[in-house]
Every structure is written in structure tokens, then in C-alpha cells.
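Asker:
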Amino acid sequence: MCGIVGYVGNKNAQDFLISGLKRLEYRGYDSAGIVTLDVKGEPTLLRAKGKIANLEEKLAANKRDDTIGIGHTRWATHGEPSEENAHPHRAGEIFLVHNGIIENYKELKEHLTEHDFKSQTDTEVLAALINSFYKDGKYSLINAVVQALKLVKGTYGIAVVSCKKPDEIVVARSGSPLVIGIGHDETMIASDASALLGHTKQAIYLNDGEVALVTSNSVEVKTLNAEPVSAKVEEIETNLAAIQKGGYEHFLLKEIMEQPESLKETLRGRVNLEEGTVRLGGPGIPEAELRQIKHLVIVGCGTAYHAGLLASYYIEQFTPEITVETVIASEYRYRNAYIPENSVALIVSQSGETADTLACLREIKKQGVKTIGIVNAIGSTIAREVDGGTYVHVGPEISVASTKAFTSQVIAMVMFGLTIAQAKGVKPAILKPYVKEIAKLPEAIHDTLENAKGEVEEIAKKYVDYEHAIYLGRDTAYPTAMEGALKLKEISYVDANAYAFGELKHGPLALIDDRFFEIALVPKGELYEKAASNVQEVLARNGHMIVVTNVEQFDLPVERVIRISDEIEHFAPLLMNLISQLFAYYTTVAKGYNVDQPRNLAKSVTVE
Ligand code: M6R
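Spelled out as C-alpha cells, the structure:
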């Protein structure tokens, strides 16, 4: 989604802004812009529709040695992607970049009759509003921003500069992240710490309701009510290598192949193989309280939702007297659902910034329910607002399609479930097999990826012209099938949907014809025979089926069988999901589409 960068210091601001915006490209955007000010406050505003390369073309003819400026990548919400709608927006002497949505922009606009609006954006309304307080000199820049924000309903992360003060940037946040990087005689701002890497490791993460006045060697933070805030300077944990492709052609392939290592990071210090137990420090729930837990609500969007769904199957397998409900955040936030006593909510998010998930977290907290984050991005809003949490520690996930986060989210939630089961006194004989498999998973993931890569690439090329795909599975393979379908549709644009095998004859079976191919996930186990019968039902209708299985003697006459090792039993669906990830990747490469930045999507969805 949109990205913000800013610079004030002694180096070339245009250079910093462009390289910072490139770092934020992965978030998804459709236009970009920067403004810099010279020492007299003379602005150079450059904006372009499309990729940052288009902005760089304009920059080539407008190079400046200005040392202050702000920049933005825009993901359109109000108004189409165009140069006029791109940020920064100007009103009088000020320029503004903004992430988020100003919900009452229409109402505010009615009163801003002096401003000649050039765009269709809510952001220009905010710029005009700030300027209405600033233009007569009654308010300083920061106080004009504060006055304006007091009238705003909605979400924002903003950065503002004024031609009258070419040595300061004002930033503020409510619901959209903002980080201030502290350098030597230079201060940088960004909506995502990755834009600061290589420049500084020291950062202040602004909280909701805070505003800051930033110069090259000072940062003053206060609340909108003018109370001073003594902001904490924190270390940025990510490093540069983690956000580079490291020899891979695409971030997506890098992130798929990283899973053995990223899962090891999730497990580090949390698994005791000898005892067959797990230990999670983060949630911080006393054992007596863990024993009381009767109900879990798992909240997430997209892949995080699928991870929650899959984890719920496992948790219910080994934890007695517990119900687990996994919900889609955008639905749940408006459901007015009652959460029974002795519940805990798991808030699942890779980015830790997803607007709907964050809204659910706040709603759930209002009911007094304990919230536990299953989050990747350290210091993100969700990570900071939950009562306790378990970081999945998979490192930055750059590709829009989520892969390594999924695997680790599932296992982190399973470990949370095991923690409850241990506290409830479930026999080690029941829990140990799960713990043992968890410890074996990184190696099994490594082997599966290495063994399957070539075969999956070849199969993906063969099926590349189909426009429709159906993913099928039962039990734990069903949420896994859902995740497989999401991966394929979001990057290769193949119309892919998932069904529980048992649902086939309740409708979807009618779809089977030569325009469709099917990918069935068929693990060993109690329900194998039933899944095999379902496969037969599809074959009887001339389906074009690929089966992914760990059953050695799988001999039904499907078009292709992708065999994975049977050494992992409970978590075999996680290995099957690797095949789905590779299949989506190679299909997209074969189609020649943008693997890491699929059309219309953003990495972190910070608007509703
Ligand atoms: O950052 P989050 O985990 O909260 O993101 C949730 C979804 O937006 C995300 O998983 C999305 O569905 C991915 N593009 C799927 O690959």
C-alpha cells in the first residue's frame, strides 16, 4: 500500500527519496512523487503515474542539490492512478504526503472553498485544511497540522513540509505507521523501516495520536493535545541482506526457498525435543490462566486467515475441551460477536499493520478479552497493541504473496495450542509426536523444496493455458487447499478456488470440464480412502487432475502425481503447501507476469 519517505540533513534529498521509495515498491503502488525544497524554500515537485522509473525520467531533467524533501508511492483509493492524484499535494506554501483514508473529506471539503482543488483525493483536502490554519501565520507548521488533525476522522500517517520553513518536516500518525530514523546531522522518515536501512539503525516508532517536529538534528514528539512525549529510540532489527534478492530472480522464490531457515528462526529456543514440550515466552499467560482457556478466536486476513484455519484443526486435535473459531477480520469487526468467558484471541498478521485485523484487535480488547499477536514485523502496530505475543521471526517478506510467513504462523499457533494443552495436563504421549514433527519440519521442508522444484516447474508449464483451477482437500488439507488457490490466483490471475472434498457433490462438481484443472491434496491418514473416492468422482467426469500426496502406492489414473516424503505425518499439508507455492510461482513466471508485485494488490493493506 502507500509508502512515505522524508529526509532533512546535509545530503542530497532527491537521492534518498528515490532510493527509499524503491525500497517501499514491494508494498504495491500505482504512482509516485517527491518534493524537495532549496535553502530559500523554492520547491521542486515531481510526480508520475506508474513505476518509479517514470519518476526517475522526470528527475533526470530536474536534478537539484536540495537537502530536505518528502516522497510517496500511492496505491489509489480516492481517484484513479494519475499524475494529478499522485502525492505530494500542495496547498498554499505546504506540501503533504499521506497514507490512510480521511473518511470525512467530503464534509471538510465543503468548507475549504478558497482552495482550488486539482485532484480527486482525500489527501488534497487534508493539505487544504492544514493550509487554512497555516496560511495567515497564526499557527506554526506543527500547530497548523495539529489543528487540522483534530478535525479529521479516519486514518493517517503524514509528512508535511513548508516553503516557509525549509529545514523542518512535520509528521503524525493515527492508524498508519511512521518511523523516524536518527542519523548524524540527518533525520529520515519512512512508513516502513526498510527504507532506512543502510542509513541508520536508530529509530523512533511514532504511536497513534502523536505528532513530531523533525529537523536534521532534533525530533520533538507530542500528542495532539500538546503533551510532550519522551520518545524511545529503538534499534532497527532488519538488515540490508534480508531485503535484497540474494541471487534469486524474484523475492517470491527467495522467500519460498528460505523456509527451512525462517522456520528454524520461529522455533529457536522454543522446542525442547528431549521432553517433547514447547515453551513460548511472549504470550506471558500464567499457567493457571492457560488451564482455564476454553475458547480461542483466531483473527486474520488472506493468508493469515488460512494459517489460523489450519492451526485450528491441529489445536482441536490435541487440546481437550476447547473450541477454536477462525474468523476473517473484515467480517468479524462488524459482527458484534460475543466472546465467551475464558477466551483468548490470536491476532495473526505478517505485517502487523493490516487495517481490518487491527480494528478487530481493538474491538476484542474492548470486551476485555486477552489478545495475543502472531506477528512478523517487529514493532508494528498490532505487535505493540496486543497484550502479549509470539513473533514468528521469518525476516522481511517482500513479495506481495505471503509464503514463509504462512508456514511459521501455523507452527507458532500450533505451539501456542501445545502450550495450552501442556498446562491442561494432556499426556506427553499425545503431544510428543507433534513436537517431534515440528522439530523435523525445517529439514523436511528443505528436502521437499529441493526434490520438487524441477518437477513442479515442468508441470506448471504444461498447465499454463488453463484459466480455471480447483484446489481440493479434506481436514487439514482443506485450509491448505484454500491457501494454494489464493497463491495461484493472486499472482498468476488464474481463477482458482478451493473446496472441501466433501462439498464437491453439493455444487462444485458441476464445474468440471476441459477448461478446468484440479489440484488435490491427498495426505495419508484416516480420511485417505474418502479423499481417494472424491478423486474418483472427479476422474469419472473427465477431470484434469494433479494429485499431491505422501501415499506411496497412490495408483489412481490422474494426469500427474507429485509425491512428497511420508516422514512427516501431522504436518504433511505444510509440505503440500510448498508444492502449491512453487506451482503458483512457476505458473506466473511462465505467463510472464510480475511475480512480486501482482496487479491491484499491496503487501500491507493499511486501509479498510
Ligand atoms: O500482513 P498480513 O498478514 O496481515 O496480511 C494479510 C493479507 O493481506 C495477506 O496475507 C494477503 O492475503 C497476501 N497477499 C496473500 O499472499
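All residue numbers for the sequence shown refer to my numbering, where the first residue is -2 and numbers rise by one.
Beta carbons are placed, not taken as given, at the ideal position from N, Cα and C, and that holds for glycine.
Give me the DSSP bridge partner(s) of residue 368.
Answerer: One-based indexing of the sequence shown puts residue 368 at position 371. 342.
Asker: Using only the heavy atoms of the ligand M6R, determine whether one of them is closer than 7 Å to the beta carbon of residue 536.
Answerer: Against the sequence shown, residue 536 aligns to sequence position 539. No, the Cβ of residue 536 stays beyond 7 Å of every heavy atom of the ligand M6R.
Asker: Hey, would you say the C-beta of residue 487 is under 7 Å away from at least one heavy atom of the ligand FMN?
Answerer: In the structure on display, the ligand FMN does not appear, and the ligands it does have are the ligand M6R.
Asker: Using CA atoms only, rank isn't needed, just tell me which of 264, 299 and 568 is closest to residue 521.
Answerer: For the purposes of this step, residue 521 is taken as residue 524 along the sequence shown, with counting starting at 1. Checked all of 264, 299 and 568; the closest Cα to residue 521 is 568.
Asker: In three-state DSSP terms, what is residue 583?
Answerer: Position 586 of the sequence shown holds residue 583. In the structure shown, residue 583 sits in a helix (DSSP, three-state: H, G or I).
Asker: With hydrogens ignored, establish whether the beta-carbon of residue 376 is closer than 7 Å to any heavy atom of the ligand M6R.
Answerer: Here residue 376 corresponds to residue number 379 of the sequence shown, with the count starting at 1. Checking the Cβ of residue 376 against the ligand M6R gives no.
Asker: Which term fits residue 147, buried or exposed, when burial requires 16 or more other beta carbons within 10 angstroms of its beta carbon?
Answerer: Here residue 147 refers to the residue found at position 150 of the sequence shown. Residue 147 is exposed by the Cβ-count criterion.
Asker: Quick check on the burial criterion: 16 or more other C-beta atoms within 10 angstroms. Buried or exposed for residue 255?
Answerer: Counting from 1 along the sequence shown, the entry for residue 255 is found at position 258. Result: buried.
Asker: Return the bridge partner residues of residue 617 from the DSSP annotation.
Answerer: Given a span of -2 to 605 for the chain in the structure shown, any question on residue 617 remains unanswerable.
Asker: To which residues of the same chain is residue 284 closer than 8 Å at the C-beta, ignoring the five residues directly before and after it?
Answerer: Numbered from its first residue, the sequence shown carries residue 284 at position 287. The answer, listed in chain order, is 420.
Asker: Taking only three categories from DSSP, how would you classify residue 130?
Answerer: Taking the first residue of the sequence shown as position 1, residue 130 is located at position 133. In this structure, residue 130 counts as helix in the three-state DSSP scheme.
Asker: Report the three-state DSSP secondary structure of residue 594 (helix, strand or coil).
Answerer: Numbered from 1 along the sequence shown, position 597 holds the residue referred to as residue 594. In the structure shown, residue 594 falls within a coil segment according to DSSP collapsed to helix, strand and coil.
Asker: Below 8 Å, can you find three or more Cβ-Cβ pairs linking the region 2 to 22 to the region 75 to 89?
Answerer: no
Asker: Under 8 Å, do residue 519 and residue 548 count as touching if we go by C-beta distance?
Answerer: Counting from 1 along the sequence shown, the entry for residue 519 is found at position 522. Counting from 1 along the sequence shown, the entry for residue 548 is found at position 551. In this structure, residue 548 lies closer than 8 Å to residue 519 by Cβ.
Asker: At a cut-off of 7 Å, would you count residue 572 as near the ligand M6R, judging by its Cβ distance to the nearest heavy atom?
Answerer: Here residue 572 is taken as the residue at index 575 of the sequence shown, counted from 1. No - the ligand M6R has no heavy atom lying nearer than 7 Å to the Cβ of residue 572.
Asker: Cα separation between residue 378 and residue 603?
Answerer: Here residue 378 refers to the residue found at position 381 of the sequence shown. Here residue 603 refers to the residue found at position 606 of the sequence shown. Using only the alpha carbons, I get a separation of about 11 Å.
Asker: Taking 8 Å as the cut-off, does the region 184 to 194 touch the region 223 to 237 (at least 3 CB pairs, one atom from each stretch)?
Answerer: Taking 8 Å as the limit for Cβ pairs, the verdict is that the region 184 to 194 does touch the region 223 to 237.
Asker: Quick check on the DSSP output: what are the complete alpha helix (DSSP H) runs of length 4 or more inside the region 33 to 79, in order along the chain?
Answerer: With a minimum length of 4 residues, the continuous alpha helix (DSSP H) runs that stay inside the region 33 to 79 are 49 to 57.
Asker: Sort out for me which residues DSSP pairs residue 542 with in a bridge.
Answerer: In the sequence shown, residue 542 corresponds to position 545, counting from 1. 515.
Asker: Comparing the CB of residue 649 with every heavy atom of the ligand M6R, is any distance shorter than 7 Å?
Answerer: Since the displayed the chain opens at -2 and closes at 605, residue 649 lies outside it and no answer follows.
Asker: Is there a Cβ of chain D sitting closer than 8 Å to that of residue 197, yes or no?
Answerer: The chain inventory of the structure shown lacks chain D, comprising one protein chain alone.
Asker: Would you mind reading off the limits of the beta strand (DSSP E) that contains residue 615?
Answerer: Beyond the ends of the chain as shown, which are -2 and 605, falls residue 615; an answer cannot be given.
Asker: Taking 8 Å as the cut-off, does the region 170 to 190 touch the region 112 to 129 (at least 3 CB pairs, one atom from each stretch)?
Answerer: The region 112 to 129, when compared against the region 170 to 190, does not touch it at the 8 Å Cβ threshold.
Asker: How would you label residue 153, buried or exposed, when you count the other beta carbons within 10 angstroms and need 16 or more for buried?
Answerer: Your numbering for residue 153 matches position 156 in the sequence shown. Residue 153 should be labelled buried.
Asker: Alpha carbon to alpha carbon, how far is residue 138 from residue 33? Give it in angstroms, no decimals.
Answerer: Numbered from 1 along the sequence shown, position 36 holds the residue referred to as residue 33. Numbered from 1 along the sequence shown, position 141 holds the residue referred to as residue 138. Taking the straight line joining both Cα atoms gives about 17 Å.
Asker: Pick helix, strand or coil for residue 4, following the three-state DSSP scheme.
Answerer: Here residue 4 corresponds to residue number 7 of the sequence shown, with the count starting at 1. In the structure shown, residue 4 sits in a strand (DSSP, three-state: E or B).
Asker: What three-state label does DSSP hand residue 163 in the structure shown?
Answerer: On the sequence shown, position 166 is the one that residue 163 refers to. Reduced to three states, the DSSP call for residue 163 is strand.
Asker: Of the choices 172, 83, 129 and 102, whose alpha-carbon is the least far from that of residue 94?
Answerer: If you number the sequence shown from 1, residue 94 lands on position 97. Ranked by Cα distance from residue 94, the first of 172, 83, 129 and 102 is 83.
Asker: Quick check: what's the CA-CA separation for residue 327 versus residue 346?
Answerer: Within the sequence shown, residue 327 is the residue found at index 330, counting from 1. Within the sequence shown, residue 346 is the residue found at index 349, counting from 1. Their Cα atoms are separated by approximately 13 Å.
Asker: So what's residue 443 in DSSP terms, helix, strand or just coil?
Answerer: Locating residue 443 in the sequence shown gives position 446, counting from the first residue. Note: residue 443 maps to helix in three-state DSSP.
Asker: When the Cα of residue 480 is compared with those of 300, 276 and 267, which residue comes out closest?
Answerer: In the sequence shown, the residue the question calls residue 480 occupies position 483. Considering only alpha carbons, the answer is 300.
Asker: Tell me, to the nearest whole angstrom, how far the beta carbon of residue 458 is from that of residue 578; I am working on the premise that it is less than 8 Å.
Answerer: Mapped onto the sequence shown, residue 458 falls at position 461. Mapped onto the sequence shown, residue 578 falls at position 581. At roughly 16 Å, the Cβ-Cβ gap does not stay under 8 Å, so residue 458 and residue 578 are not in contact.
Asker: Going by the beta-carbon positions, is the gap between residue 11 and residue 42 smaller than 8 Å?
Answerer: Sequence index remark: in the sequence shown, residue 11 carries index 14 (1-based). Sequence index remark: in the sequence shown, residue 42 carries index 45 (1-based). Taking 8 Å as the Cβ cut-off, residue 11 and residue 42 do not qualify as a contacting pair.
Asker: Which of the three DSSP states, helix, strand or coil, is assigned to residue 385?
Answerer: Within the sequence shown, the letter at position 388 stands for residue 385. Note: residue 385 maps to strand in three-state DSSP.
Asker: Could you tell me if residue 593 is buried or exposed, where buried requires 16 or more neighbouring beta carbons within 10 angstroms of its beta carbon?
Answerer: Reading the sequence shown from its first residue, position 596 is the one you call residue 593. It is buried - the Cβ of residue 593 has at least 16 other Cβ atoms within 10 Å.
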